[in-house]
Amino acid sequence: MKKITIECPAKLNLFLNVLENNKELALHDIVLINQTINLFDTITIEEKENSIDGIFIESENEDIPKDINNSCYKACKLFFEFTNLKLNNIHISIKKRIPIMSGLGGESTDAAGVLLGLNIMYNTNLTKEELGQIGAKVGTDTPYFIHAGYKLVTNYGNKIEELENNIYKQYLLIVPNFGLSTKEMFKKIDSIKTTRVPINNLLHNDFNYVIPKELQKLRNFLNNYNVNHTLSGSGSCYFIAFKNNDDIKSIYSILNNEFPSYKYFEVENVEGSKIIH
Numbered sequence: 198m199k200k201i202t203i204e205c206p207a208k209l210n211l212f213l214n215v216l217e218n219n220k221e222l223a224l225h226d227i228v229l230i231n232q233t234i235n236l237f238d239t240i241t242i243e244e245k246e247n248s249i250d251g252i253f254i255e256s257e258n259e260d261i262p263k264d265i266n267n268s269c270y271k272a273c274k275l276f277f278e279f280t281n282l283k284l285n286n287i288h289i290s291i292k293k294r295i296p297i298m299s300g301l302g303g304e305s306t307d308a309a310g311v312l313l314g315l316n317i318m319y320n321t322n323l324t325k326e327e328l329g330q331i332g333a334k335v336g337t338d339t340p341y342f343i344h345a346g347y348k349l350v351t352n353y354g355n356k357i358e359e360l361e362n363n364i365y366k367q368y369l370l371i372v373p374n375f376g377l378s379t380k381e382m383f384k385k386i387d388s389i390k391t392t393r394v395p396i397n398n399l400l401h402n403d404f405n406y407v408i409p410k411e412l413q414k415l416r417n418f419l420n421n422y423n424v425n426h427t428l429s430g431s432g433s434c435y436f437i438a439f440k441n442n443d444d445i446k447s448i449y450s451i452l453n454n455e456f457p458s459y460k461y462f463e464v465e466n467v468e469g470s471k472i473i474h
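Numbering (our numbering), first residue to last: 198 to 474.
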């Protein structure tokens with residue numbers, strides 16, 4: 198039977214500018230510069246015999262929904278609807294490494310991984326644009342992960358443009374011992390007035406204006422050091438960006454002493470998803 202395993206990368210927002218809230222679409226218009234990094238979830242998709250047809254989600258992580266509320270479930274269902282293929286018994290196993298509710302795109306990259314994997318499994322030869330059309334129905338970040346890499350993302354996540362020469366190569370991720378609700382963070386951002394920011398202003402993120410006190414403490418602490426830092430997405434992951442890795446070890450040691458309950462990941466740029474087998 199058919200089977201494929203794919204590694205799905207997290208992303209960092211090197212730039213995030215929230216524009217108007219389009220209430221008709223129930224979406225915010227956001228300008229993003231994204232970069233995929235080598236922190237991966239692993240998705241295994243397998244077609245099995247001799248059991249009831251449908252989509253079955255498996256994961257050791259108890260916080261992951263196992264029904265239609267799961268982004269992988271949604272992506273799989275939409276793929277079969279789009280291609281008019283018969284939906285057989287599909288088991289999707291999710292091994293989570295990307296922290297949940299961190300602003301690193303875990304749900305969206307997993308959905309993109311399912312679409313990329315199914316496209317190979319069933320030899321459907323859908324283009325990235327077609328896969329992005331499917332992915333957009335799962336979430337606004339999913340089309341980006343179909344393309345991945347260093348990209349400018351506009352038009353509610355639907356327009357994805359290649360960028361060159363990302364000056365940042367490595368990052369230290371700082372993941373607090375709490376997550377942040379994207380929905381609640383957007384409510385907060387709607388309560389203030391944001392303005393258009395030039396896209397060459399890397400490491401700008403409008404959500405920095407509404408972060409909770411715990412993250413503001415971290416932000417203030419980092420302001421005492423000569424490092425480039427910002428929030429990813431709507432949080433809660435904060436990160437330091439390096440043009441080289443000379444300073445990662447020293448700043449990690451300092452941060453670990455000051456914020457010992459947080460998790461830290463040293464990561465670097467990657468082009469996108471990887472097929473394992």
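Heads up, the beta-carbon is just placed ideally off N, CA and C, and yes, glycines get one too.
Cutoff 7 Å; reference residue i; Cβ partners in own chain excluding five residues on either side
i, result
"residue 226", "216, 217, 219 and 353"
"residue 334", "275"
"residue 204", "237, 239, 470, 471 and 473"
"residue 321", "280"
"residue 374", "458 and 459"
"residue 339", "305, 308, 309, 332 and 333"
"residue 448", "369, 422, 424 and 437"
Backbone secondary structure at residue i - three-state DSSP
i, result
"residue 205", "strand"
"residue 339", "helix"
"residue 430", "coil"
"residue 260", "coil"
"residue 226", "strand"
"residue 396", "coil"
"residue 322", "coil"
"residue 280", "helix"
"residue 422", "coil"
"residue 288", "strand"
"residue 357", "strand"
"residue 401", "strand"
"residue 380", "helix"
"residue 265", "coil"
Same chain only: Cβ atoms within 6 Å of residue i, ignoring 5 sequence neighbours per side
i, result
"residue 460", "372"
"residue 267", "254"
"residue 304", "268"
"residue 437", "369, 424 and 426"
"residue 349", "230, 358 and 360"
"residue 391", "215 and 403"
"residue 283", "none"
"residue 405", "428"
CB of residue i within 7 Å of CB of residue j, strictly
i, j, result
"residue 332", "residue 312", "yes"
"residue 254", "residue 270", "yes"
"residue 212", "residue 399", "yes"
"residue 214", "residue 394", "yes"
"residue 235", "residue 464", "yes"
"residue 384", "residue 407", "no"
"residue 256", "residue 291", "yes"
"residue 442", "residue 330", "no"
Own chain, CB closer than 8 Å to residue i, minus 5 neighbours either side, in chain order
i, result
"residue 327", "279"
"residue 198", "243, 244, 245 and 246"
Presumed contact (8 Å Cβ cut-off) between residue i and residue j, rounded CB distance
i, j, result
"residue 308", "residue 470", "Their Cβ separation, rounded to whole angstroms, is 11 Å, which puts residue 308 and residue 470 out of contact at 8 Å."
"residue 297", "residue 264", "Not a contact, Cβ separation roughly 17 Å."
"residue 233", "residue 345", "5 Å"
"residue 440", "residue 365", "6 Å"
"residue 325", "residue 343", "5 Å"
"residue 208", "residue 323", "Not quite, the Cβ-Cβ distance comes to about 22 Å (not below 8 Å), so this is no contact."
"residue 456", "residue 419", "Actually they do not touch by this definition, with Cβ atoms about 10 Å apart."
beta-carbon residue i near the ligand HEM non-hydrogen atom, thresh 6 Å
i, result
"residue 331", "Looking for the ligand HEM in the displayed structure turns up nothing, as the structure carries no ligands at all."
Practice item. Check whether the region 368 to 388 touches the region 426 to 437, counting contact only when three or more Cβ pairs, one atom from each stretch, lie closer than 8 Å. Key: yes
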